[in-house]
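> Let me give you the structure first, and then I'll get to my questions.
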Amino acid sequence: MDLSHAKLAGSRPGQCPTAAFQCPSSVAADTAGNLYVADSVANTIHRITPAGLITRFAGAHFETGSEDGRGLHARFNGPLSITIDSHNNLYVADSRNSTVRKITPDGVVSTVAGAAGRIGSTNAPGVAARFFLPAGIASDAAGNIYVADAGNHNIRKITLNGVVTTLAGAAGLPGSNDGAAGIARFDTPYGIAVDVHGVIYVADQGNSAIRTVTNTGLVSTLAGLARQSGDSDGHEKAARFSSTQSVAVDAAGNVYVADTRNNAIRKISSAGDVTTIAAAPLLIGFLDGPLPTCPNRPSAVALIGGLLFVCELSKGIFSIDLR
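Here the sequence shown stands for residues 32 to 354, numbered as in the working numbering.
Set out below in structure tokens:
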């Protein structure tokens with residue numbers, strides 16, 4: 032399937048040109064080339080095969096819940112983001128349940144951290160930990176999971192043995208300070224990605240900025256300026272964004288941003304130069320038909336091979352060939 036500038040779809044089983052998501056919020060790929068799509072409104076996870084066949088992988092359409100189980104018997108409540116580890120396990124930031132879920136390659140869903148309906152900021156092993164509206168999720172090469180815990184305004188880490196800790200930021204204290212873990216502040220961190228060196232990139236939505244976090248919790252602002260929204264290209268902090276919602280980073284250190292309120296995809300080069308690579312006319316050009324109730328904005332970006340996949344809240348998914 033040639034996915035270059037291709038519109039994908041799929042809240043019901045079918046081929047790419049005929050199905051439609053409700054509000055796709057994240058996309059990831061396994062080692063076999065299957066794509067997985069989290070639909071935050073339909074409360075489902077879909078799989079798209081390399082041949083383009085779309086099927087529901089887990090969850091039930093428009094049914095909310097927190098039940099673990101196999102595939103279609105499991106329930107989610109606002110799955111906002113997904114990531115895949117080296118063993119093809121899928122991890123889900125199940126936002127309105129305030130939990131992190133795991134889906135094995137054969138579709139078995141379990142809760143690995145947090146407890147449904149019990150919000151908080153407790154650091155602890157597994158289901159004893161508490162989250163508050165987790166939005167973004169990413170995994171590193173060692174299998175650690177990182178969560179942008181939006182309601183708590185901090186970044187959390189889940190180790191291989193399931194222990195949850197706060198890597199940076201302070202629960203309930205939004206802000207924009209750079210610095211060491213306990214000093215740094217975020218404002219509704221939403222998207223998160225990890226590069227090949229283990230550096231974490233955060234789409235700090237409330238600050239309309241892109242932040243970085245080292246594995247020791249040191250936070251810096253890479254691009255944009257806290258609470259100074261706009262649509263200007265430029266170098267690092269001279270650039271302006273508006274409601275940064277998702278990030279992806281390539282092996283060369285280039286960062287791609289879903290700049291949601293600007294209806295744009297932005298690129299931050301490894302040298303720190305911010306440019307706009309796709310804006311509203313280009314995005315809308317891939318869409319057709321009447322708009323549903325979701326906003327017409329790019330919600331997530333993901334790099335898969337040489338393609339940048341973009342989840343667009345109002346219609347579906349398309350890709351931009353970066354090769």
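Positions of the beta carbon are idealized from the N, C-alpha and C atoms, including for glycine. If you're wondering where the values come from, they're calculated on a predicted model, not measured in any experiment.
1) What does the Cβ neighbour count give for PRO329, buried or exposed, with the cut at 16 atoms within 10 Å?
2) What is the DSSP secondary structure of ASN154, counted as helix, strand or coil?
3) To the nearest angstrom, report how far apart ALA310 and PRO156 are at their CA atoms.
4) Between which residues of its own chain and VAL123 is the CB-CB distance below 6 Å, once the five residues before and five after are set aside?
5) Please report the Cβ distance between ARG242 and VAL230, rounded to the nearest whole angstrom; I am assuming they are in contact, meaning their Cβ atoms lie under 8 Å.
6) Which two residues bound the contiguous beta strand (DSSP E) that contains GLY347?
7) Can you tell me the Cβ-Cβ gap for THR142 and THR130, rounded? I've got them flagged as a contact below 8 Å.
8) One question on the structure: do SER97 and ASN128 come within less than 8 Å of each other, judged by their Cβ atoms?
9) Taking ALA234 and ALA254 to be in contact with their CB atoms under 8 Å, please state how far apart those CB atoms are, rounded to whole angstroms.
10) Quick check on DSSP: helix, strand or coil for GLU98?
11) Between THR95, ALA60 and ALA269, which lies nearest to THR75 when the distance is taken from Cα to Cα?
12) For ASN185, which three-state DSSP category applies?
13) Nearest-angstrom Cα distance between VAL139 and ASP264?
14) Residues in the same chain with beta-carbon distance under 6 Å from ILE299, minus the five sequence neighbours each way, listed in chain order, please.
15) Figure out for me which residue from ILE335, PHE163, ILE134 and LEU256 has the closest Cα to the Cα of ALA146.
16) Quick one: is GLY320 buried, meaning 16 or more other Cβ sit within 10 Å of its Cβ, or exposed?
17) Alpha carbons only, please: which of ALA82, HIS118, ASP125 and ASP116 is nearest the one belonging to ASP70?
18) Could you name the residues of the same chain whose beta carbon sits closer than 7 Å to that of LEU313, not counting the 5 residues immediately before and after it, in chain order?
19) Please classify ASP137 as buried or exposed, where buried requires at least 16 neighbouring CB atoms within 10 angstroms.
20) Just to confirm my understanding: we take GLY102, look at its own chain, exclude 5 residues before and 5 after, and list those with CB closer than 7 Å. What are they?
21) What residue range does the beta strand (DSSP E) around PRO81 cover?
22) DSSP three-state call for GLY64: helix, strand or coil?
23) Could you give the residue range of the beta strand (DSSP E) that holds VAL280?
24) Could you check which residue in GLY303, GLY151, ASP180 and CYS342 has the C-alpha nearest to that of THR291?
25) Note down the Cα distance separating ILE115 from HIS104, rounded to an integer number of angstroms.
26) Measuring CB to CB, does LEU334 end up less than 8 Å from ASP352?
27) Can the beta-carbon of ILE186 be found less than 8 Å from the beta-carbon of VAL227?
Quick answer:
1) Around the beta carbon of PRO329, a 10 Å sphere encloses 16 or more other beta carbons of the protein chains shown; the residue is thus reported as buried.
2) If DSSP states are grouped into helix, strand and coil, ASN154 belongs with coil.
3) Spanning the two alpha carbons is a distance of roughly 43 Å.
4) Counting only Cβ-Cβ distances below 6 Å, and skipping sequence neighbours, we find PRO110, ILE113 and ARG132.
5) The Cβ separation is near 11 Å, so there is no contact.
6) Here the beta strand (DSSP E) through GLY347 covers 347-352.
7) About 5 Å separates the two Cβ atoms, so the contact holds.
8) Yes, they are a contact pair.
9) About 11 Å separates the beta carbon of ALA234 from that of ALA254, a gap too long to meet the 8 Å contact definition.
10) In the structure shown, GLU98 sits in coil (DSSP, three-state: anything other than H, G, I, E or B).
11) When C-alpha distances from THR75 are compared across THR95, ALA60 and ALA269, the shortest belongs to THR95.
12) Reduced to three states, the DSSP call for ASN185 is strand.
13) Looking at the two C-alpha atoms, the distance is approximately 44 Å.
14) Excluding five sequence positions before and after ILE299, the CB atoms of its chain that fall closer than 6 Å to its own CB belong to ALA254, VAL286 and VAL305, given in chain order.
15) Nearest option by C-alpha distance: PHE163.
16) Note that GLY320 has pLDDT 37, beneath the 50 cutoff, so the model's placement of it is unreliable and the number below is only indicative. GLY320 comes out exposed.
17) The shortest C-alpha separation from ASP70 is found at ASP125.
18) Only weak support is given to the placement of LEU313: the predicted model assigns it a pLDDT of 46, under 50, and the question is left unresolved by the model.
19) Flag for ASP137 reads exposed.
20) Within the same chain, GLY102 has close Cβ partners PHE88, ALA89 and GLY138.
21) Neither: PRO81 is in no beta strand (DSSP E) and is coded neither H nor E.
22) DSSP places GLY64 in coil when its eight states are reduced to three.
23) Segment 275-280, the beta strand (DSSP E) holding VAL280.
24) Of the listed residues, the one whose Cα sits closest to THR291 is CYS342.
25) ILE115 and HIS104: Cα-Cα distance of roughly 21 Å.
26) Not closer than 8 Å, so no.
27) Cβ distance not < 8 Å, so ILE186 and VAL227 don't count as in contact.
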